[in-house]
Amino acid sequence: MLEDRTTAASSRPEWPAAYPKGYAVVDVETTGLARDDRIISAAVYRLDARGEVEDHWYTLVNPERDPGPVWIHGLTSEVLKGAPLFPDIAEEFSARLADRVLVAHNAVFDWQMIAREYARAKREAPVRQRLCTIALSKELGLPLPNHKLESLAAHFGVVQQRAHHALDDARVLAEAFRPSLRAAAEGGVRLPLHECRPLTEWTDRAVPRQSSGYNSYRPTSWRPSRKRPACPYPNPGRYEAGKRLKQGMRIAFSGDTSVERDLLEDRAIEAGLHVATSISRLTSLLVTNDPDSGTSKVVKARQYGTPVVDEAAFGQLLADVEPASEG
Numbered sequence: 133m134l135e136d137r138t139t140a141a142s143s144r145p146e147w148p149a150a151y152p153k154g155y156a157v158v159d160v161e162t163t164g165l166a167r168d169d170r171i172i173s174a175a176v177y178r179l180d181a182r183g184e185v186e187d188h189w190y191t192l193v194n195p196e197r198d199p200g201p202v203w204i205h206g207l208t209s210e211v212l213k214g215a216p217l218f219p220d221i222a223e224e225f226s227a228r229l230a231d232r233v234l235v236a237h238n239a240v241f242d243w244q245m246i247a248r249e250y251a252r253a254k255r256e257a258p259v260r261q262r263l264c265t266i267a268l269s270k271e272l273g274l275p276l277p278n279h280k281l282e283s284l285a286a287h288f289g290v291v292q293q294r295a296h297h298a299l300d301d302a303r304v305l306a307e308a309f310r311p312s313l314r315a316a317a318e319g320g321v322r323l324p325l326h327e328c329r330p331l332t333e334w335t336d337r338a339v340p341r342q343s344s345g346y347n348s349y350r351p352t353s354w355r356p357s358r359k360r361p362a363c364p365y366p367n368p369g370r371y372e373a374g375k376r377l378k379q380g381m382r383i384a385f386s387g388d389t390s391v392e393r394d395l396l397e398d399r400a401i402e403a404g405l406h407v408a409t410s411i412s413r414l415t416s417l418l419v420t421n422d423p424d425s426g427t428s429k430v431v432k433a434r435q436y437g438t439p440v441v442d443e444a445a446f447g448q449l450l451a452d453v454e455p456a457s458e459g
C-alpha cells in the first residue's frame, strides 16, 4: 500500500519551475471607468506559489470626490468621508503587492486604476507583472457562457456573497484562481503574464479638448510611449455586423473615449486583437464615439468602407472574441 502511494506521488507532474512564486489577487471598486476616476475600496488576497491563501486585507479609500455609482458598489459619501486617503494606505498596499504577480478579473483595468493612484501620490506601485483571470480561462478553454466573474465562480462552485464588494470579489476570485492555476500547471499551460509599467508622472489639471462637441475640458495624463507586442494571429479580415470579433483582427481607435485609450488597447491586445495606429484596406474595425468627425482615420474608414462601432459596442464585442482558426 505504501509502495502504491509512493508510486502515485512520484507520477504526479512537478510544479512548473517558471511559474511565479506568489500572487496578489486584487479587486478595486471605483467611482467610474474613466481616466480621472478614483479608487474607493481595495482588497488583496495574498497567495503562495500554488494558489493557497496566506492572508487578506481590505480598506475603504476616500476619493475626495463624488463616489459615483452607489447603486453598484453601495459606498456613499457619508461612508467614505472618514476613510483614509490613498497616500495614507499606499505603503500597506505596497507591502501586499510587493514581489507578487497581480491577479485580477480584467486585470488591465485594476492595474491602470492602481497605477494612476500611485502616480497621484508621487509613488510607484511595486508590480511588474499581472495576470488576467479572463485570459487564463480562455487559455484553459473553460466552458463558460461569458467572462463575468459570477460565471467563473459558478464553474468552480464558489459562492458569491456580496457582488461588487472588493473583499468578497477578491475572495471569490482567489478561490476560483486556485483550481485554474492547478489546471494550468497540470496541463503545462503557459500563464498569460503581462508586463506592468508604472506611470512616471500624473496631473489632474484640466486641459482644453482638441475637438468640439463634448465638454470643453478633460483631465489628462502623461506616460512614456510603449511598444506594443506583435499580434501572433493572422488577420481574418473585416468585422461583420452581428458577428463576433476574431483573434487577429486589426482594430483602430479614433477620438476621445470615456475609458482611457491605453486601457482599451490593452484589453484588445489581451483578447488577441491587433491594435493598428492607422487605417488601411486591411483594417478590420474602427472604434470611435464620433463617426461624423473629420479625423483622418474616420475619413479613410469611409473611403475604404471600414466597419465602425462606438466604444460601448466595442466593449460588448470584447467580452466574447472568437479564437483564431487553427492551422
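First residue of the sequence shown: 133, per this note's numbering; consecutive thereafter.
Just so you know, even glycine gets a beta-carbon here, dropped at the ideal spot from N, CA and C.
Exposed unless 16 or more other CB atoms sit within 10 angstroms - verdict on W147: Stepping through the sequence shown from its first residue, residue 147 is reached at position 15. W147 is exposed by the Cβ-count criterion.
Classification of R434 by the beta-carbon crowding that lies within 10 angstroms, buried from 16 upward: By one-based count along the sequence shown, residue 434 stands at place 302. Exposed: under 16 other Cβ atoms inside 10 Å.
N- and C-terminal bounds of the alpha helix (DSSP H) containing L323: For the purposes of this step, residue 323 is taken as residue 191 along the sequence shown, with counting starting at 1. Here L323 belongs to no alpha helix (DSSP H), and DSSP marks it neither H nor E.
7 Å Cβ shell around R511 - same chain, five flanking residues per side excluded: No answer is possible for residue 511: the residues shown for the chain start at 133 and end at 459.
Buried versus exposed call for R376 [16 or more other C-beta atoms within 10 Å across all chains shown]: Numbered from its first residue, the sequence shown carries residue 376 at position 244. Classification for R376: exposed.
Nearest to L281 (by Cα), restricted to the options A236, L263, L313: The residue given as residue 281 occupies position 149 in the sequence shown. Among A236, L263, L313, the Cα nearest to that of L281 belongs to A236.
Nearest neighbour of T208, chosen from F218, E196, L418 [CA to CA]: Here residue 208 is taken as the residue at index 76 of the sequence shown, counted from 1. Considering only alpha carbons, the answer is E196.
Neighbourhood of L450 by C-beta distance below 6 Å, restricted to the same chain and skipping five residues each side: Along the sequence shown, one-based indexing puts residue 450 at 318. If we look at L450 and ignore the five residues flanking it on each side, its Cβ neighbours are R399, A403.
Identity of the residue in N278, L263, V211 nearest L323 by Cα: Here residue 323 refers to the residue found at position 191 when the sequence shown is read from its first residue. It is L263 whose Cα lies nearest to the Cα of L323.
Residue of V176, S269, K378 minimising C-alpha distance to L313: Here the question's residue 313 lines up with position 181 in the sequence shown. Measuring from the Cα of L313, the nearest candidate turns out to be S269.
Neighbourhood of T427 by C-beta, 7 Å cutoff - its chain only, sequence neighbours within 5 removed: Translated into positions along the sequence shown, residue 427 becomes position 295. Contacts found: S386, G387.
Residue interval of the alpha helix (DSSP H) (run including S460): With the chain represented from 133 up to 459, any question about residue 460 goes unanswered, as that position is not in the structure.
Beta carbon of E475 nearer than 7 Å to that of V290: Given that the chain is displayed from residue 133 to residue 459, the structure contains no residue 475 and the question cannot be resolved.
Cβ-based burial, S457 [other Cβ within 10 Å; buried from 16]: One-based indexing of the sequence shown puts residue 457 at position 325. Exposed is the call here.
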